[in-house]
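Student:
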Amino acid sequence: MAFIRHLVLVLSMLRFTHSLYFHIAETERKCFIEEIPDETMVIGNYKVQLYDPNTKGYGDYPNIGMHVEVKDPEDKVILSKLYTSEGRFTFTSHSPGEHVICLYSNSTAWFSGAQLRVHLDIQAGEHAQDYEKVAAKDKLNELQLRIRQLLDQVEQITKEQNYQRYREERFRATSENTNSRVLWWSVAQTIVLLMTGAWQMRHLKGFFEAKKLVDVEVERQCSLRFETVHRMAPVTGKVAMRRLIRGLTSPWSIGFSAFGLAYGGYHIWDMTQSGSKYDLDEDLTGKTYIVTGATSGIGQATTEELAKRNARVIMACRNRDKCVRVRRDVVLNTRNKQVYCRQCNLEDFDSIRNFVAKLSQGKFELDRIDGIVYNAATMEPERSVNKEGIEKTLATNYLGSFLLTALILDKLLAQQNPVRLVFLNTNIIERNCGIDFNDLNAEQRKKWDGFKVYKESKLAQAMFAKELSERLKGTNITVTVADPGRTKTSLTKKMDGQTFFLSRWLLNIVSFAMGQRRVEKAVRPVLFALADEEMASANGVFIDFAMGQRRVEKAVRPVLFALADKEMASANGVFIDRERNEQKWADAVLDKSTRERLWLTSVKWTKLGEQLAALRSEIQQGAASLGTALTVQQATQSSSTSGRSWKTLWLW
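Using mature numbering (1 follows the signal peptide of the UniProt record, and there is no 0), the letters of the sequence shown correspond one by one to residues -19 to -1, 1 to 633.
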């Protein structure tokens, strides 16, 4: 019974026990590292006691103060304040990772001084909430308060899971980078060892010959043994060497070698160019841009570049979970929280309509849109169709962009600010490419050629962009086509050549030999068309990119240039390259009758009339649910500007 009484007494006292206490000298600094998810409130309660040598115990000492300093994972100070000997500090994490919390007294003693005992209790997430105050403020009963607690716990668990996923991604990236470095280090070590061994053998042979440690008789016998062989071989080593030298010094060999050196030197020089002409200096604060396919490649790089310039960016993506992960990285890299994920699958026409409906009413409504980047694209290894029965490459690369533009056009025309539509395309549509209206859905192909179908879909998109620029002349909307060039992206990841590791390595070698481009250069035409002043009045422009593949970080610059630079404010219906030179459209794009036929076919295949009617119905129902229902007449008036409605644009 005595044991039970003692156990009950200890358990009853546990709730008064501090979670942590430690001893420090009066002038010592003590730091702790806490792994905290992003957007998490943290509360720390502390109490400082001073050691009394007379009583040999710790007592309260109200005259001493405590400094509390908190640094985020990027070593930025987010809290630095002097408190009393007992108190509470609060901060909110804005980025996931290790936060450093340091405490030290305000003592000015020259030496270590007395010893301090610091009691510290750190609570994060839902544990930092004072639910008694929450219940009193919001007038919640016991059941409502418990539900509120459970919701907060679920939210905190989600944040923890996202943080662990973020840590796993960082660890995986670090591991892959380390493995790559170890591989190349092993190759370098092997080469060095072979060269060292060859040099040592050559050096030791000379050393032994100089010291006469080689048996001369053995050498004589060996020479006699091989003498017969040399007599039987009319072509000696010297003759073979002369032939080799003659071949290497021939005009053909010298010509090919010079061409190879010049070609490689040019691409090495080209890849080292920073492309300063496409560096966007604009501050995009207050502007809103939509980027399709923003979870990888040029779309992700464009999103990050826009966020760096303080723009609000809507990431229109098929995979929402992947978008959330990419969005977190973009926010961490740019410190811009105005980056949002919205689900929009361009091969699913209902998904496109829902996306536009959310942007047009409700809590996700956008007050303005300054530009749209049509980046999403796919290249399918075999024929597959969406739920409407349309081949996925055509649906994603062209018809999805067509329908998205048609549904959002009323909103864009109703704005006072200028809007830029930037389509990412390619100049490969100029060669051996056309539109076969008898087999537009690729149903009669004897053999599937994913690359050819991809080219045809991009040609259709270019024809749509050109026709759209013609029909939008005189409005606040301009259209630009930007070619970021051959870029290292995940577009061909589904193709057979990329699934087998050996063929993937060979393709990477070939791409490097052709001057592979990174995405940061490929984005230049998008930057140019999106934000450059030169493109302010340009319309129907095709922005091309010099040949050669680039990495995504560089490829994205011209895309931003087309999207946001003041120089592109008036450009419309143009196709420009990374040097901001207007390129010639393909002959098929300039054929107006073909463009009009494709336009009417697209209206039929996307069921544009039904989609527009459904969209207007959803918007009106959403407005009615908020008590601000619009009449049909008001909706019609708000969806037209300067006498240009969706009917005049899509049905004439």
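Ideal Cβ placement from N, Cα and C applies to all residues, glycine included.
So is Val29 buried or exposed if we call it buried at 16+ other beta carbons inside 10 Å?
Tutor: Buried, since its Cβ has 16 or more Cβ neighbours within 10 Å.
Student: Which same chain residues end up closer than 8 Å to Phe336 when comparing Cβ atoms and leaving out the 5 residues on each side of it in sequence?
Tutor: The residues are Ala297, Arg323, Gln324, Cys325 and Leu385.
Student: Hey, out of Asn317, Ser277 and Lys289, whose CA is closest to Arg301's CA?
Tutor: The shortest C-alpha separation from Arg301 is found at Ser277.
Student: On the DSSP bridge list, what partners appear for Cys83?
Tutor: Answer by DSSP bridge pairing, in chain order: Cys12 and Glu50.
Student: Note down, one range per segment and in chain order, each alpha helix (DSSP H) of at least 4 residues found wholly within the stretch 320 to 395.
Tutor: Correct list: 330 to 341 and 381 to 394.
Student: Work out the CA separation of Leu327 and Glu149 for me, nearest whole Å.
Tutor: Those two C-alpha atoms are separated by around 30 Å.
Student: Kindly give me the distance between the Cβ atoms of Tyr85 and His48, rounded to whole angstroms, as I take these residues to be in contact under 8 Å.
Tutor: Rounded, the Cβ-Cβ distance is 5 Å, consistent with contact.
Student: Compute the beta-carbon to beta-carbon distance between Lys454 and Asn553, rounded to the nearest angstrom, for a pair I have assumed lies under 8 Å.
Tutor: About 7 Å separates the two Cβ atoms, so the contact holds.
Student: Secondary structure at Gly455, three-state DSSP: helix, strand or coil?
Tutor: Gly455: coil per DSSP, three-state reduction.
Student: Which residues mark the beginning and the end of the alpha helix (DSSP H) in which Asp302 is found?
Tutor: Unbroken alpha helix (DSSP H) run through Asp302: Arg301 to Thr315.
Student: Using the beta-carbon count (16 or more within 10 Å), is Lys436 buried or exposed?
Tutor: With 16 or more Cβ atoms within 10 Å of its Cβ, Lys436 is classed as buried.
Student: Please name the residue, chosen from Ser76, Arg299 and Ala357, that lies closest to Leu375 on a Cα-to-Cα basis.
Tutor: Residue Ala357 is the option with its Cα nearest to Leu375.
Student: Which residue's Cα is closest to the Cα of Gly280: Ser574, Leu449, Cys304 and Glu263?
Tutor: Nearest C-alpha to Gly280: Cys304.
Student: Which residues bound the alpha helix (DSSP H) around Arg426?
Tutor: First-last for Arg426: undefined, no H or E at that position.
Student: Under 6 Å Cβ to Cβ from Ala288, same chain only, skipping five residues before and after it: list those, please.
Tutor: Hits under 6 Å: Val294, Val311, Thr315, Asn317 and Val320.
Student: So Phe542 and Leu265 are supposed to be a Cβ contact under 8 Å. How far apart are they, rounded?
Tutor: Contact doesn't hold; Cβ gap of about 13 Å is too wide.
Student: Tell me the rounded alpha-carbon separation between Asp348 and Val403.
Tutor: If I take the Cα positions, the gap works out to 20 Å.
Student: Excluding five sequence neighbours on each side, which residues of the same chain lie with their C-beta closer than 7 Å to the C-beta of Ser365?
Tutor: So the list reads Lys373, once near-sequence residues are dropped.
Student: When the Cα of Pro43 is compared with those of Ser66, Asn35, Thr359 and Gln137, which residue comes out closest?
Tutor: Checking every option, the nearest Cα to that of Pro43 belongs to Ser66.
Student: According to DSSP, is Ala494 part of a helix, a strand, or is it coil?
Tutor: Reliability of the predicted coordinates at Ala494 is poor, the pLDDT of 48 falling under 50, and the value obtained from them is presented with this limitation in mind. It is helical.
Student: Buried or exposed: which applies to Lys344, given that a residue is buried once 16 or more other Cβ atoms fall within 10 Å of its Cβ?
Tutor: The residue is exposed, with fewer than 16 neighbouring Cβ atoms inside 10 Å.
Student: With burial defined as no fewer than 16 other Cβ atoms inside 10 Å of the residue's Cβ, what is the status of Asp546: buried or exposed?
Tutor: Counting Cβ neighbours within 10 Å, Asp546 comes out buried, since at least 16 surround it.
Student: How about Phe445 and Phe383: do their beta carbons lie closer than 8 Å?
Tutor: Yes. Within cutoff.
Student: So, helix, strand or coil for Leu1, using DSSP?
Tutor: Here Leu1 sits in strand by DSSP.
Student: According to DSSP, what are the bridge partners of Phe70?
Tutor: Paired residue(s): Gly25.
Student: Taking the alpha-carbon positions, what's the Val354 to Val540 distance?
Tutor: Rounded to whole angstroms, Val354 to Val540 spans 8 Å at the Cα level.
Student: Taking Cβ positions, are Ala275 and Thr269 nearer each other than 8 Å?
Tutor: No.
Student: Within this structure, are the beta carbons of Asp102 and Gly25 separated by less than 8 Å?
Tutor: Yes. Within cutoff.
Student: Are the CB atoms of Val537 and Tyr457 within a distance shorter than 8 Å?
Tutor: The residue asked about is misnamed: residue 457 is Asn in this sequence, not Tyr. Result no, Cβ atoms of Asn457 and Val537 do not sit closer than 8 Å.
Student: Use the C-beta contact count for Val434: other C-beta atoms within 10 angstroms, 16 or more gives buried, fewer gives exposed.
Tutor: The residue is buried, with at least 16 neighbouring Cβ atoms inside 10 Å.
Student: For the candidate residues Ile371, Ser341, Arg412 and Ile409, whose alpha-carbon lies nearest to that of Ala395?
Tutor: Ala395 has its Cα closest to that of Ser341, out of Ile371, Ser341, Arg412 and Ile409.
Student: So Asn378 and Lys439 are supposed to be a Cβ contact under 8 Å. How far apart are they, rounded?
Tutor: That belief holds up - the Cβ atoms of Asn378 and Lys439 are roughly 6 Å apart, short of 8 Å.
Student: With respect to the alpha helix (DSSP H) encompassing Lys573, which residues constitute its N-terminal and C-terminal limits?
Tutor: Start and end: Lys573 to Trp586.
Student: Less than 8 Å between the C-beta atoms of Pro77 and Asp133, yes or no?
Tutor: Contact flag unset, no.
Student: Glu123 by DSSP, collapsed to three states: which one?
Tutor: Correct three-state label for Glu123: helix.
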